[in-house]
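Participant: From first to last, the protein sequence lines stand for chains F and B. Under my numbering, the first residue of the first sequence is numbered 881, with each subsequent residue one higher. Under my numbering, the first residue of the second sequence is numbered 881, with each subsequent residue one higher. Following this message is one structure expressed as structure tokens.
Number of protein chains: 2
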Amino acid sequence: MGTKERRQREFEARERLFLDTARTLIRDEGILALQMARLARACDYATGTLYQHFSSKEDLLVALATRRLEEHAQYFCQAATWQASTRERMFALTVADYRFARRHPGYSRLLQFAFTEVVWDGASEARRRALQDALQPPARAVRQIVQEAIDTGDLPDHGQDAGALMLGPWGLCTGIQSMIQTRGLLEGLGIPEPGQQLFRHSQFLLNGLGWQPLMNPVDDKALSRLVRRIENEVLANIGTAADNGMEP
Amino acid sequence: MGTKERRQREFEARERLFLDTARTLIRDEGILALQMARLARACDYATGTLYQHFSSKEDLLVALATRRLEEHAQYFCQAATWQASTRERMFALTVADYRFARRHPGYSRLLQFAFTEVVWDGASEARRRALQDALQPPARAVRQIVQEAIDTGDLPDHGQDAGALMLGPWGLCTGIQSMIQTRGLLEGLGIPEPGQQLFRHSQFLLNGLGWQPLMNPVDDKALSRLVRRIENEVLANIGTAADNGMEP
DNA sequence: TCTATTATTGAATACAATTCATTTTTTGAA
DNA sequence: TTCAAAAAATGAATTGTATTCAATAATAGA
Chain F
881 MGTKERRQRE FEARERLFLD TARTLIRDEG ILALQMARLA RACDYATGTL YQHFSSKEDL
941 LVALATRRLE EHAQYFCQAA TWQASTRERM FALTVADYRF ARRHPGYSRL LQFAFTEVVW
1001 DGASEARRRA LQDALQPPAR AVRQIVQEAI DTGDLPDHGQ DAGALMLGPW GLCTGIQSMI
1061 QTRGLLEGLG IPEPGQQLFR HSQFLLNGLG WQPLMNPVDD KALSRLVRRI ENEVLANIGT
1121 AADNGMEP
Chain B
881 MGTKERRQRE FEARERLFLD TARTLIRDEG ILALQMARLA RACDYATGTL YQHFSSKEDL
941 LVALATRRLE EHAQYFCQAA TWQASTRERM FALTVADYRF ARRHPGYSRL LQFAFTEVVW
1001 DGASEARRRA LQDALQPPAR AVRQIVQEAI DTGDLPDHGQ DAGALMLGPW GLCTGIQSMI
1061 QTRGLLEGLG IPEPGQQLFR HSQFLLNGLG WQPLMNPVDD KALSRLVRRI ENEVLANIGT
1121 AADNGMEP
């Protein structure tokens, strides 16, 4: 009876195999070296079979970015449900994102690449939507923090939608991170310790939003203490055991 | 005597021709459609001659991004020397960047693409350095504003380097802009008017930095008035006459 | 004027993504 | 169980382009 369902399941399993193998290949040899034929061969399938799943190489890259985003989202949601003040939780998202990017530099570069016109427009509509869908859970988690902060009075009600309010911290985070990714860029501008700056500016922005309790972002001691606390209480189990991410 | 110099000049003129033509081709047909052989032909040169200038297609793209950055920098420096408070000038940079990106969407996507691992690492060291150099003048202009703000007391001296302080506003700006670039991304998350949000969050961040005079970022009237004033007084001459940019 | 040097050329090469005619496997009716 | 039709898998051929390089042309300097 369920023969159709079985085929469906097998098809999905094979897609996972392709994506997992692609991840390994990219980790070992870089995005540039990824070849469709080699990937298919490495999975003991023909090239054409790979194209049953992905309409193009770009399509595959967006799918890969999506898969990793889903994993990332777990840590993200974990940070969102941490037992701490709304402001600390909001900041924890920035720390989680930063740590995740440091731990999986290949993945972060892939995400950056996926959002590029060339790749994004080269992927199928379905894949683009899938990536959008993968963004929903973390987006919901963040909205929830923002909403709770407004409800408890930690964050003044600016009359803005929660989604709009999260755009700032999120944009700041990805903007600075993508500069960090670009080899030599910040060094060339004489800007040291960009990670520290990211944390500091996130705090400046939260202060600007009037998010209580305010914090002094240039108190390096306190900031480091907070970051370490987040790493211990929220991110401790990142990068252990089953984690076979994209780190070099 | 100066035959060597003349050749040098001719070589540089030809490089400009290649870049200008590439810009036109990209404007008309997109980055994807740019072909080295077609570009060479369009300039009445052989393919090999193009490779005397650019070691690879990526090399060309970084060179192109650099050229546009240099033009962008002019408006940028103009904003920096505007007769207004340090805070207004700092904010004007964000507005200038945003307007430039809206006016030249192809260029902005190109810059985003250029900073991607695949392109950045595919370009020659010389080209990468050239792009870095093109970044210096605007960076200096921004540092100058920050320094003046500290000196006049508009901005509390946080004990931070001016370069470090500008990273926040800059990162926020590029981060949100690159989300705007990605077709459908913010719509999918239900975040409307991203341009407005960018301006608003820039102001939130400046408030957070304690940059005087503070402003209420959710006073849409006042914010719009300021943006319009910047457009009139600083950006009025963008997009006129000789401007043959990348707009569609 | 002539040779050596340098620059230009574009056809040939190389490399990978993608396609598609062929083969293999699966399905479900007889 | 058999078999024809349908579906899926295959990988060699096709295609599209970036890049190279042997041949040719232009230039410089003796």
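The beta-carbon is built from N, C-alpha and C at its ideal position, and this holds for glycine as well.
LEU1008(F) and GLY1064(B): beta carbons closer than 8 Å?
Facilitator: The amino acid at residue 1008(F) is misidentified as Leu; the sequence shows Arg. It is a contact, given that the beta carbons lie within the stated cut-off.
Participant: What residue does the alpha helix (DSSP H) around ASN1087(F) start on, and which one ends it?
Facilitator: Taken as a continuous stretch (DSSP letters only), the alpha helix (DSSP H) holding ASN1087(F) covers 1074-1088.
Participant: Can you check whether the CB of ILE1025(F) is closer than 8 Å to the CB of ALA953(F)?
Facilitator: Their beta carbons are not under 8 Å apart, which means ALA953(F) does not touch ILE1025(F) by this criterion.
Participant: Could you tell me whether the Cβ atoms of PRO1074(B) and ILE1056(B) are closer together than 8 Å?
Facilitator: Closer than 8 Å, so yes.
Participant: Classify ARG947(B): buried if its beta carbon has 16 or more other beta carbons within 10 angstroms, exposed otherwise.
Facilitator: It counts as buried.
Participant: Excluding the five sequence neighbours on either side, which residues of its own chain have a C-beta within less than 7 Å of the C-beta of GLN958(F), listed in chain order?
Facilitator: Result list for GLN958(F): VAL1114, in chain order.
Participant: So which residues on chain F does GLN1092(B) lean against when the C-beta distance must stay under 7 Å?
Facilitator: Under the 7 Å cutoff, chain F gives no residues; its nearest Cβ is about 13 Å from GLN1092(B).
Participant: Report yes or no: is there a C-beta of chain F within less than 8 Å of the C-beta of ILE1071(B)?
Facilitator: ILE1071(B) counts as touching chain F.
Participant: Could you check how far apart the C-beta atoms of GLY1043(F) and ARG1023(F) are, in whole angstroms? I think they sit under 8 Å.
Facilitator: About 6 Å; that satisfies the 8 Å criterion.
Participant: In chain order, what residues of the same chain have a beta carbon less than 8 Å from the beta carbon of ARG889(F), not counting five sequence neighbours either side?
Facilitator: For ARG889(F), where only same-chain residues beyond five positions count, there are no Cβ hits under 8 Å.
Participant: Here's the rule I'm using: 16 or more other beta-carbon atoms within 10 Å means buried, otherwise exposed. How should SER1104(F) be labelled?
Facilitator: Per the 10 Å Cβ criterion, exposed.
Participant: Grab me the residues of LEU944(F)'s own chain with a C-beta within less than 7 Å of its C-beta, minus the 5 sequence neighbours each way, in chain order.
Facilitator: For LEU944(F), where only same-chain residues beyond five positions count, the Cβ hits under 7 Å are LEU899, ALA902, ARG903 and LEU990.
Participant: Using CA coordinates, which residue listed in PRO985(F), GLY1039(F) and ALA1006(F) is at the minimum distance from VAL942(F)?
Facilitator: Ranking the options by Cα distance to VAL942(F), first place goes to ALA1006(F).
Participant: Give the interface partners of GLU1044(F) over in chain B, defined as CB-CB distance under 7 Å, in chain order.
Facilitator: The sequence given here places Ala at residue 1044(F); Glu does not occur at that position. Near ALA1044(F) (Cβ distances below 7 Å), the residues of chain B are ILE1071 and GLN1077.
Participant: Where does TYR925(B) fall in DSSP's three states?
Facilitator: Here TYR925(B) sits in coil by DSSP.
Participant: Within the chosen definition, does the segment 1083-1101 of chain B reach the segment 1031-1039 of chain B through at least 3 CB pairs nearer than 8 Å?
Facilitator: They touch, by the three-pair rule.
Participant: Checking 8 Å against the spacing of the C-beta atoms, do GLY1088(F) and GLY1088(B) come in under that value?
Facilitator: It is a contact, given that the beta carbons lie within the stated cut-off.
Participant: Quick one, which of PHE891(F), TRP1050(F) and VAL998(F) has its alpha-carbon nearest ALA1021(F)'s?
Facilitator: If we check each option's Cα against that of ALA1021(F), TRP1050(F) comes out closest.
Participant: Mind pulling the chain F residues with CB within less than 8 Å of ALA960(B)?
Facilitator: Result: empty, since nearest Cβ-Cβ is about 16 Å, beyond 8 Å.
Participant: Comparing C-alpha positions only, which one of PHE980(B), ALA926(B), ALA964(B) and HIS933(B) sits nearest to GLU1136(B)?
Facilitator: In this structure chain B extends from 881 to 1128, so residue 1136(B) is not present and cannot be described.
Participant: Label GLN1083(F) either buried or exposed according to how many other C-beta atoms from any shown protein chain fall within 10 Å of its C-beta, with 16 as the threshold for buried.
Facilitator: Its Cβ being crowded by 16 or more others within 10 Å, GLN1083(F) is buried.
Participant: Counting only C-beta atoms, is GLY1125(F) closer than 8 Å to chain B at any point?
Facilitator: Bear in mind that a pLDDT of 41 at GLY1125(F), under 50, signals an unreliable position, so the model cannot answer this.
Participant: Report, in whole angstroms, the separation of the C-beta atoms of LEU919(F) and LEU912(F), which I expect to be a contact under 8 Å.
Facilitator: Contact doesn't hold; Cβ gap of about 14 Å is too wide.
Participant: Could you tell me whether any Cβ in chain F is nearer than 8 Å to the Cβ of ALA1019(B)?
Facilitator: For ALA1019(B), the answer is yes, since a Cβ of chain F falls inside 8 Å of its Cβ.
Participant: Can you pull out the residues from the segment 988-1003 of chain F whose beta carbon lies closer than 8 Å to at least one beta carbon of chain B?
Facilitator: Listed by position, the residues of the segment 988-1003 of chain F near chain B (Cβ gap below 8 Å) are ARG989, GLN992, PHE993, PHE995, THR996, GLU997, VAL998, TRP1000, ASP1001 and GLY1002.
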